[in-house]
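Inspection log for the structure reproduced underneath, given as structure tokens.
There are 2 protein chains.
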Amino acid sequence: MTPVAGRGAGAAPRSVDVARLAGVSQKTVSRVMNDEPYVSEDVRRRVLAAAEELGYRSNNAARALASGRTRSIGVVTLGTALYGPASLLMGIERAVRDTGYALRVVNTMEGESAGIAGAVDSLLDQGVDGIVISEPIDEAGGAVLSARLDVPVLVLGAPPPFAAPHVVTAGIVSHQMARAATEHLLELGHTTVHHLAGPQRWYSARDRLEGWSAALAAHGRAEPAVVQGDWSAASGYAGGRELVADPEVTAVFAANDDMAIGLMRALAEAGRRVPEDVSVVGFDDTPVAAYVTPPLTTVRQPFDAMAQDGLKLLVHAIENPQSEPLPMADPPVELIVRASTAAPR
Amino acid sequence: MTPVAGRGAGAAPRSVDVARLAGVSQKTVSRVMNDEPYVSEDVRRRVLAAAEELGYRSNNAARALASGRTRSIGVVTLGTALYGPASLLMGIERAVRDTGYALRVVNTMEGESAGIAGAVDSLLDQGVDGIVISEPIDEAGGAVLSARLDVPVLVLGAPPPFAAPHVVTAGIVSHQMARAATEHLLELGHTTVHHLAGPQRWYSARDRLEGWSAALAAHGRAEPAVVQGDWSAASGYAGGRELVADPEVTAVFAANDDMAIGLMRALAEAGRRVPEDVSVVGFDDTPVAAYVTPPLTTVRQPFDAMAQDGLKLLVHAIENPQSEPLPMADPPVELIVRASTAAPR
DNA sequence: CGCAGTCATGACAGCGCAGTCATACACCGG
DNA sequence: CCGGTGTATGACTGCGCTGTCATGACTGCG
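Order-wise, the sequence lines are chains A and B. All residue numbers in the first sequence are consecutive under the working numbering, ending with 358. All residue numbers in the second sequence are consecutive under the working numbering, ending with 358.
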């Protein structure tokens, strides 16, 4: 009935089973599976054939227990489907997979009790070799990570080294991109540029605000009051209602495309034309940005490249403990100019 | 210097260390950590205190090895930041976390060699107790899953039971939602409704097409030729260019909001007004749908509820092997009517 | 008072791998 | 022909936990 002897037929084959079939020791099977040196071609082939025949799959838990490494990386994300964070997460997944690690994901909702520290803790409980914190925000009480953090951490999106005890690698900044967007408007001839900002608890929102501010300062322009949004189109619309009250406003840099779209709706309802009366720049180059009315000038972030670069650092830190962190190149800025920006009239 | 004796001070504490400190056996520590019965309150407190003091974290690999269960669930997603799939993924993460499992994620890019089967395989390699396939698409060669599949699988978005050997639970359908969207247009008085479809390799795209078709059939209307898109606003725009050529078109149901936005842009460029000349309905209720011009009538999917319901089934299948699959209620349809739809003139 | 039944705990084995060390053989140069 | 060096393999052990079974202590009841 059952071809397998001993332990129930349904039981998954182990390396000893493969070893028996191939006529070698269990250790040799382990060698073959891990591509270790000092295995003859003949034996390697026999082992692989035996493994194939039995449908052998090495047991990860056992490997992790014996080797002390889980070969997995955990990522902490803000549980939102916003285009930026979602794109970055996809990029991280790809990058993690490329490095041969597995990916574990934990979200942290804004307002959730445990916050980022709780999410990190849960990853540590699960056992990961490294952690990525994507799009961090300020938590109540500051960015205090777990005190028992004993794996490298990569923070994507935090400008200065994130406050953390163990190994920490800082990530990308959208500062320059925001600056480029603002300068585009200034160069078109606008006297100044207003800013529709993201929630300031987000590092990326602060980054963009600083980039905007730096551009104005570099050109010696006055810095108008910032209008606060929360990334949503709804908040962009609300911010837009404020801005339309001021006839001096001729150019607005929104911290993301969704808010820019809400803003443009508020402008349209107020009878202000884009770009004739007001120029608008967004951020992210969401898939719809090119197709709204008018098509939106925006900034594209190289999510995949950022994730790949960051992961390279993280994996380096994992596999070469106490070595110098690698330097990280700044990603390229890409400003996409469309019809929503023009010279002031 | 180092408070910890024996093994290097940096080594993570094990349950025996906790046991020693609490003056109990290692097994009792295990009992406390797993909330097993037959532990006195006094001992429980002492163990917890000792664990706290040492910063004890139970080793997952060892637990998985000893118990044969990993307490983790894997999810296969299409690596896209599209609003629907991304929202569903976030919902899945929340739902998985609520059940006490950990989440492992593998993407499968369209056109990637291994495809869904490869992703499932890699999850099985990692060791998961259950698998969620989110937003499945047809692969070359059909939906053939791994032959060595030995854990329950939940397929979110496949109408009929997905072709799989082991335990399989079918998920949600957007059929009725598509039908509701189409009927909304018919009830406004449109003679017929055109459809801007998603890529037909996606089950959800086929579902929506079928819902549209069913609505037309139920009202005895002719079924116009379907225009094919790929979910992107760009493809919606391209499809729109086709549709504007036909003056008979007065109502279009797009399979997602992005395509609807592209379509509206094409209509605008052709001088066709929305909704006066053409009514448009989207699908998803993306965050910007309410703020484009005109605000888009659309259908909202209860991603969180779908993920939660589905996970309930999956966890049930994991924890009660060979029991009947639980029945699954259909999620509520929510049609959001905005300014992009009106009666024909 | 004695025995069965509960409750609380510990001893011990073993999950399936990878690390360490020992061993066996082949080959090299002096 | 012998010791040294490199290659190929296996025996054995242990990673840190859970499962099983044994053992005591403490009930309750006839």
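Ideal Cβ positions, reconstructed from N, Cα and C, are used throughout, including at glycine.
- In the displayed model, F296/A falls within coil according to three-state DSSP, outside both helix and strand.
- Neighbours of R107/B in chain A, taken as residues whose beta carbon is under 7 Å from its own, are G92 and N120 in chain order.
- At least one CB of chain A lies nearer than 8 Å to the CB of G275/B.
- Cβ-Cβ separation between S100/B and E148/B: approximately 11 Å, too far for a contact (criterion under 8 Å).
- V257/B has its alpha-carbon roughly 15 Å from the corresponding atom of G242/B.
- Contact annotation for M46/B against chain A: no contact, minimum CB-CB distance about 11 Å [criterion: below 8 Å].
- Cβ-Cβ distances below 7 Å link V109/A to I86, L116 and L324 in the same chain, with the five nearest sequence neighbours on each side left out; the list follows chain order.
- Between R254/B and the set G275/B, A268/B and D55/B, the nearest pair of CA atoms involves G275/B.
- In the three-state reduction of the DSSP assignment, V119/B falls in the strand class.
- Note that the C-beta distance between V312/B and M190/B is below 8 Å.
- The beta carbons of A132/B and V166/B sit about 12 Å from each other, so the pair does not count as a contact at 8 Å.
- Listed by position along chain A, the residues whose Cβ is nearer than 7 Å to that of Q139/B are N73 and A115.
- Around V164/A, no beta-carbon contact reaches into chain B at under 7 Å, the shortest distance being about 11 Å.
- Counting only Cβ-Cβ distances below 7 Å, V301/B has contacts in chain A at A246, D271, I274 and V301, in chain order.
- When the five nearest sequence neighbours on each side are left out, the beta carbons in the same chain lying within less than 7 Å of the beta carbon of V56/A are those of V37 and T41, in order along the chain.
- Our two residues, G97/B and D297/B, have alpha carbons roughly 7 Å apart in a direct line.
- Cβ proximity to chain A below 8 Å picks out R278 and A281 from the segment 278-297 of chain B.
- Taking 9 Å as the upper bound on Cβ-Cβ separation, chain A lies near residues A303, Y304, V305, T306, P308 and F316 of the segment 303-322 of chain B.
- DSSP places S135/B in the helix class (H, G or I) of the three-state scheme.
- By the Cβ-count criterion, E196/B is buried, with 16 or more other Cβ atoms from all chains shown falling within 10 Å of its own Cβ.
- Per the C-alpha coordinates, the member of G140/B, P334/B and A355/B positioned closest to A75/A is G140/B.
- If you compare the alpha carbons of S28/A, D48/A, G113/A and R82/A with that of Q321/A, the shortest gap goes to G113/A.
- Note that the C-beta distance between V119/B and S135/B is below 8 Å.
- Taking one beta carbon from each stretch, the segment 229-238 of chain A and the segment 199-208 of chain A have 3 or more pairs nearer than 8 Å; the two touch.
- For I146/A, there is no enclosing alpha helix (DSSP H); the enclosing beta strand (DSSP E) has its first and last residue at G143 to S147.
- The C-beta separation of V291/A from A264/A comes to about 7 Å, placing the pair in contact by the 8 Å criterion.
- In terms of Cα proximity to D142/A, the closest of I105/A, V168/A, S187/A and T83/A is T83/A.
- Here S187/A has S217, D220 and R221 as same chain residues with Cβ atoms under 6 Å from its own Cβ, once five neighbours each way along the sequence are excluded.
- For the options V350/A, H203/A and D151/A, the alpha carbon positioned closest to that of A356/A is the one of H203/A.
- With respect to chain B, the C-beta atom of L326/A has no partner C-beta closer than 8 Å.
- Between I150/B and the set V164/B, L162/B, V168/B and D163/B, the nearest pair of CA atoms involves V168/B.
- In the three-state reduction of the DSSP assignment, S85/A falls in the strand class, which pools E and B.
- Contacts between S100/B and chain A, judged by CB atoms closer than 8 Å, involve A94 in chain order.
- Between the C-alpha atoms of R59/A and P26/A there is a straight-line separation of about 16 Å.
- Taken through DSSP and simplified to helix, strand or coil, A235/A comes out as coil.
- Following the DSSP letters along the chain, one finds L95/B in no alpha helix (DSSP H), marked with neither H nor E.
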